[in-house]
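Engineer: Below you'll find the structure I mean.
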């Protein structure tokens, strides 16, 4: 069990229900320049460090037909996150927020999502422009990014 | 175990590795007009049937601060999907594709993703404009949609 950061005032921790039988398989790993979550950038806009999705060869056939997509949705398992802090007080916000109103890695199911720009692919090694995930983070899924359903540039935020 | 559709020619089934200890918790359920996955629309653009995310009251505090977001990313567990068909031949494509080049519900980790437009919220009941998930589908996560990182309208598809 990793050491967790202290809970801040106003943050709320809950008892999670027991995990279900809905088991996950890891289909690959993130390769990045960041050894641990603490080393990961909050914002990848100007990042130039090498980053890749390394798919396990057992799942290689799953990549057939993927090359025409400029962007992929990557789902990862944030295996070093705690899961029970339901209300959090991030430094950049002036009041506590529920986990479902945050993109925090600390969540009941610590599934990270990012839209990755593809630079190229050599077999099971997909080079991407940047990542905010630590090296070795397990990958759960890769989906083609479909702007027709995934891109909502006019979406409103508070 | 549900009955699965027959495997089409050119489709490929693999032995999945054993599921890991990365257990999931269900934080709610989808409420929709579709009793089973077979009833779900492929395209929700013109759909007007009622649809909602029903968050389990144990996770209610996780919704604090969510109301200013017009769109949410919803991750669900497609609990009635098979998981081992790594190459698939959907009717609308002229050749087989790997699962990671498809948005098929059949995938090693059957996690469904949709960008949902919020119509309103009454406590743990979040009304959304449409869904292509069956009634009762377990919800894994809700994330605020952030157009700055999630919207790539110019993303290319083959």
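Residue numbers (this note's numbering), protein chains in the order written: chain D, 103 to 260; chain Z, 103 to 260. Each residue gets a CB set at the ideal place from its N, CA and C atoms; glycine is no exception.
Closer than 9 Å, CB to CB, is residue 199 of chain Z near chain D or not?
Structural biologist: Answer yes: the Cβ-Cβ gap between residue 199 of chain Z and chain D drops below 9 Å somewhere.
Engineer: So the candidates are Z:130, Z:248 and Z:154; which of them puts its Cα closest to the Cα of residue 229 of chain Z?
Structural biologist: Checked all of Z:130, Z:248 and Z:154; the closest Cα to residue 229 of chain Z is Z:154.
Engineer: For the structure I just gave you, are there three or more beta carbon pairs, one from the stretch 203-222 of chain Z and one from the stretch 181-196 of chain D, closer than 8 Å?
Structural biologist: They do not touch, by the three-pair rule.
Engineer: Using a Cβ cut-off of 8 Å, which residues of the stretch 140-169 of chain Z contact any Cβ in chain D, in chain order?
Structural biologist: Correct list: 157, 160, 161, 163, 164, 165, 166, 167, 168 and 169.
Engineer: Return the CA-CA distance between residue 167 of chain D and residue 174 of chain D, expressed in angstroms with no decimal places.
Structural biologist: Computed Cα separation, rounded: 13 Å.
Engineer: According to DSSP, what are the bridge partners of residue 245 of chain D?
Structural biologist: Bridge partners of residue 245 of chain D: D:175.
Engineer: Kindly indicate which three-state DSSP category residue 262 of chain Z falls into: helix, strand or coil?
Structural biologist: One cannot answer for residue 262 of chain Z here, as it falls past the ends of chain Z, which runs 103 to 260.
Engineer: In this structure, how does DSSP classify residue 165 of chain Z when only helix, strand and coil are distinguished?
Structural biologist: Correct three-state label for residue 165 of chain Z: helix.
Engineer: Taking the CB atoms as reference points, tell me whether residue 199 of chain Z and residue 192 of chain Z lie closer together than 9 Å.
Structural biologist: Taking 9 Å as the Cβ cut-off, residue 199 of chain Z and residue 192 of chain Z qualify as a contacting pair.
Engineer: Taking contact to mean 3 or more Cβ pairs, one atom from each stretch, closer than 8 Å, check whether the stretch 127-146 of chain Z and the stretch 241-258 of chain Z are in contact.
Structural biologist: With the cut-off at 8 Å, the stretch 127-146 of chain Z and the stretch 241-258 of chain Z touch.
Engineer: Let me know if residue 260 of chain D comes out buried or exposed under the rule of 16 or more other beta-carbons within 10 Å of its beta-carbon.
Structural biologist: By the neighbour-count rule (16 or more Cβ atoms within 10 Å), residue 260 of chain D is not buried but exposed.
Engineer: Taking all protein chains shown into account, do 16 or more other C-beta atoms lie within 10 angstroms of the C-beta of residue 233 of chain D, making it buried, or fewer, making it exposed?
Structural biologist: Buried, since its Cβ has 16 or more Cβ neighbours within 10 Å.
Engineer: Look up residue 151 of chain Z in the DSSP assignment and give the residues it is bridged to.
Structural biologist: DSSP, once it has assigned bridges, lists no residue as partnering residue 151 of chain Z.
Engineer: For residue 260 of chain D, which of helix, strand or coil comes out of DSSP?
Structural biologist: Residue 260 of chain D: coil per DSSP, three-state reduction.
Engineer: Quick check on residue 103 of chain D - is its C-beta less than 9 Å from some C-beta in chain Z?
Structural biologist: Note that residue 103 of chain D scores a pLDDT of 44, beneath 50, so its modelled location is shaky; the value from the coordinates is reported in the next line. Chain Z contact via Cβ: absent.
Engineer: Buried or exposed, going by whether 16 or more other CB atoms sit within 10 Å of the CB of residue 252 of chain Z?
Structural biologist: Per the 10 Å Cβ criterion, buried.
Engineer: Using a Cβ-Cβ cut-off of 9 Å, state whether residue 207 of chain Z counts as contacting chain D.
Structural biologist: So, not an interface residue.
Engineer: For residue 103 of chain D, does the count of other Cβ atoms within 10 angstroms reach 16, so buried, or fall short, so exposed?
Structural biologist: Here the model assigns residue 103 of chain D a pLDDT of 44, short of 50, so the residue's position is not dependable and the matter cannot be decided.
Engineer: Within its chain, find whatever has a CB closer than 7 Å to the CB of residue 317 of chain D; leave out the 5 residues flanking it on each side and keep chain order.
Structural biologist: There is no way to answer for residue 317 of chain D, as the model of chain D reaches only from 103 to 260.
Engineer: How big is the Cα-Cα spacing for residue 255 of chain Z and residue 179 of chain D?
Structural biologist: Each residue's Cα considered, the two are about 26 Å apart.
Engineer: State yes or no: is the C-beta of residue 205 of chain Z within less than 9 Å of the C-beta of residue 246 of chain D?
Structural biologist: Yes, Cβ-Cβ distance for residue 205 of chain Z and residue 246 of chain D is below 9 Å.
Engineer: Can you check whether the C-beta of residue 235 of chain Z is within less than 9 Å of a C-beta belonging to chain D?
Structural biologist: Output row for residue 235 of chain Z: interface = no.
Engineer: What does residue 172 of chain D reach in chain Z if we use C-beta pairs closer than 9 Å?
Structural biologist: Going along chain Z in sequence order, the residues near residue 172 of chain D (Cβ under 9 Å) are 254, 256, 257, 258 and 259.
Engineer: Say whether chain Z places a C-beta atom closer than 9 Å to the C-beta of residue 184 of chain D.
Structural biologist: No, no contact with chain Z.
Engineer: Between residue 139 of chain D and residue 236 of chain D, which are expected to be in contact by the criterion C-beta below 8 Å, what is the C-beta distance as a whole number of angstroms?
Structural biologist: Sure, about 5 Å apart at Cβ, within 8 Å.
Engineer: Sort D:147, D:141 and D:194 by Cα distance to residue 250 of chain Z and report the nearest one.
Structural biologist: When only C-alpha atoms are compared, the closest one is D:147.
Engineer: Residues of chain Z with CB under 8 Å from residue 243 of chain D, in chain order?
Structural biologist: Correct list: 202, 209, 210, 211 and 213.
Engineer: Going by the beta-carbon positions, is the gap between residue 169 of chain Z and residue 133 of chain Z smaller than 9 Å?
Structural biologist: No, these two residues do not count as a Cβ contact at 9 Å.
Engineer: Along the chain, where does the beta strand (DSSP E) that runs through residue 133 of chain Z open and close?
Structural biologist: Unbroken beta strand (DSSP E) run through residue 133 of chain Z: 130-133.
Engineer: Name, please, each residue of chain Z whose Cβ falls closer than 8 Å to the Cβ of residue 177 of chain D.
Structural biologist: Within chain Z, the residues near residue 177 of chain D are 177, 211, 213 and 215.
Engineer: So what does DSSP say about residue 103 of chain D, is it helix, strand or coil?
Structural biologist: Confidence in residue 103 of chain D is poor, its pLDDT being 44 and thus under 50, which makes the residue's placement unreliable; the coordinate value appears in the next sentence. Three-state DSSP puts residue 103 of chain D in coil, outside helix and strand.
Engineer: Run through DSSP, which three-state label would residue 143 of chain Z get?
Structural biologist: Residue 143 of chain Z falls in the coil class under three-state DSSP.
Engineer: Go ahead and pull the three-state DSSP assignment for residue 109 of chain Z.
Structural biologist: DSSP places residue 109 of chain Z in coil when its eight states are reduced to three.
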